[in-house]
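**Q** If you scroll down you'll find the structure; I have some questions about it.
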Amino acid sequence: MDDTQVPQTGADRTDDLFLPDDVLLPVVEGLIFASETPLGIPAIRALLDEEFEQPGAITDGRIAEAIDRLNKDYEQQNRVFFIQAIADGYCFMTREAFAPWVSKLYRNKQVKRINQSALETLSIIAYKQPISKPDIENIRRSNSDYAVKILLERNLITVVGRGETVGKPLLYGTTREFLMHFGLKSIRELPKLREISEIMKDDDFEFEQQMRIRMDSPDGESAPESTPEDMNEDTQA
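Here the sequence shown is numbered in the working numbering, starting from -8 and rising by one per residue.
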């Protein structure tokens, strides 16, 4: 028989509005685990406030402390997962040491590949945002219509406004999906690199290579560059 104690809800709970840690920790853990996207502290607090019907019953600081406590427990217990801050929220991640084992689950998973021009365009937008397509093309010295279209379809970039130059061109920036995809808490966590126009000339464009590994192949092997004809088709990793 399962002896796990489940926290009572509003209908059954007493008037004690102060959750002890031994109750708060599994509640926070369960909410983050069940969320399909990174769950932020404000969202967790809102759920608790709704339950208690008293805003501020549990502070943001206590929720952050609960997450820290959970991670310390996972580390002490040598668990394969931990809670990571990503895209202004929190989600469960697998520890790097266990990645080779987890990747075996995705060995035959179908993935959508992205070609060199789209990778270059995404890299430029990531570092130069907000940026217009004419400015992207000025850096790449080639047309970027198709690359921008693909990145918009993948929800890795979005329109963030219009420029002040002639014609008021659309300005592009990265999305929350971009942060989630590359495991970044915020855009400020992008690796510091030299000017993108100089980096594009190099063969060791580290961030671009990191993108290729993560976007092309679940098991970490770089896939061959695809063509415009097959970029929207599922291909075997």
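Yeah, the Cβ is synthetic: ideal placement off N, Cα and C, and Gly gets one too.
How would you call F89, buried or exposed, if buried means at least 16 neighbouring beta carbons within 10 angstroms?
**A** exposed
**Q** Do you know how far the Cα of K124 is from the Cα of G52?
**A** 42 Å
**Q** How is K192 classed by DSSP in three states: helix, strand or coil?
**A** The predicted model places K192 with a pLDDT of 49, which falls under 50 and marks its position as unreliable; any figure quoted below should be read in that light. In this structure, K192 counts as coil in the three-state DSSP scheme.
**Q** Any idea if F173 is buried or exposed, counting beta-carbon neighbours within 10 angstroms, 16 or more meaning buried?
**A** With 16 or more other Cβ atoms from the protein chains shown falling within 10 Å of its own Cβ, F173 counts as buried.
**Q** Determine, using beta carbons only, whether Y163 and I148 come nearer to each other than 7 Å.
**A** Note that the C-beta distance between Y163 and I148 is below 7 Å.
**Q** Considering only C-alpha positions, which residue in the set R132, N129, I130 and L110 is nearest to K140?
**A** L110
**Q** Classify S133 as helix, strand or coil using the three-state DSSP reduction.
**A** S133: coil per DSSP, three-state reduction.
**Q** Tell me, to the nearest whole angstrom, how far the beta carbon of L61 is from that of L16; I am working on the premise that it is less than 8 Å.
**A** Between L16 and L61 the Cβ distance is about 6 Å, and since that is below 8 Å, they are a contact.
**Q** Determine whether the beta carbon atoms of G31 and D79 lie at a separation below 7 Å.
**A** yes
**Q** Would you tell me roughly how many angstroms separate the C-alpha atoms of M171 and A76, rounded to the nearest one?
**A** 10 Å
**Q** Between F43, Q45 and R36, which has its C-alpha nearest I58's C-alpha?
**A** R36
**Q** Please report how far the alpha carbon of K176 lies from the alpha carbon of K159, in whole angstroms.
**A** 31 Å
**Q** Is G158 helix, strand or coil when you go by DSSP?
**A** coil
**Q** With distances taken from CA atoms, which of G152, V157, R145 and N129 is nearest R167?
**A** When C-alpha distances from R167 are compared across G152, V157, R145 and N129, the shortest belongs to R145.
**Q** Tell me where the beta strand (DSSP E) around Y81 begins and ends.
**A** G80 to T85
**Q** By Cβ distance, which residues of its chain are closer than 8 Å to I178, with the 5 residues on each side in sequence left out?
**A** A117, Q120, T165 and L170
**Q** Could you spell out where the beta strand (DSSP E) holding A76 opens and where it closes?
**A** F72 to I77
**Q** CA-CA distance, E56 and F83?
**A** Computed Cα separation, rounded: 16 Å.
**Q** Quick one: what does DSSP say T166 is sitting in, helix, strand or coil?
**A** In the structure shown, T166 falls within a coil segment according to DSSP collapsed to helix, strand and coil.
**Q** For N69 and T85, I'd like the C-alpha separation in whole angstroms.
**A** 12 Å
**Q** Can you tell me which residues form a DSSP beta bridge with V150?
**A** Y163
**Q** With a threshold of 8 Å on Cβ separation, who are the neighbours of D12 within its own chain once the five nearest residues in sequence on each side are excluded?
**A** Contacts found: A57 and R60.
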